[in-house]
Amino acid sequence: DIPWYVYEIPTVFVSLNFTTHLTDVPMVKTYINAYKNSRTVIRQVIQKMMGDSEFKGSYNENVWCNKWETRR
């Protein structure tokens, strides 16, 4: 089901091991690709979301899943 609440509740979507998840939830305003579902990666994502660690790296064009609606 499409997460209807993203328009009413501030929502962060974290994809742990499925790099094209954005195709399923293009309406989400904050989307994080973590690329792995290990405890270490989950802890690191939480640290970054809390501001304890800086996000590093860059995206490539594949992250947009070739859909214009994912670029909003």
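Heads up: the sequence shown at position 17 corresponds to 0 in the numbering used here, and the numbers run straight through without jumps.
Think of the CB as a built atom: it goes at the ideal place given N, C-alpha and C, for glycine as much as any other residue.
Linking residue 46 to residue 6 through their CA atoms gives a straight-line distance of about 9 Å. The three-state reading of DSSP puts residue 6 in helix, counting H, G and I together. Around the beta carbon of residue 28, 16 or more other beta carbons lie within 10 angstroms, which makes this residue buried.
Between the alpha carbons of residue 40 and residue 16 lies a distance of about 11 Å. For residue -1 and residue 42, the gap between their C-alpha atoms comes out near 15 Å.
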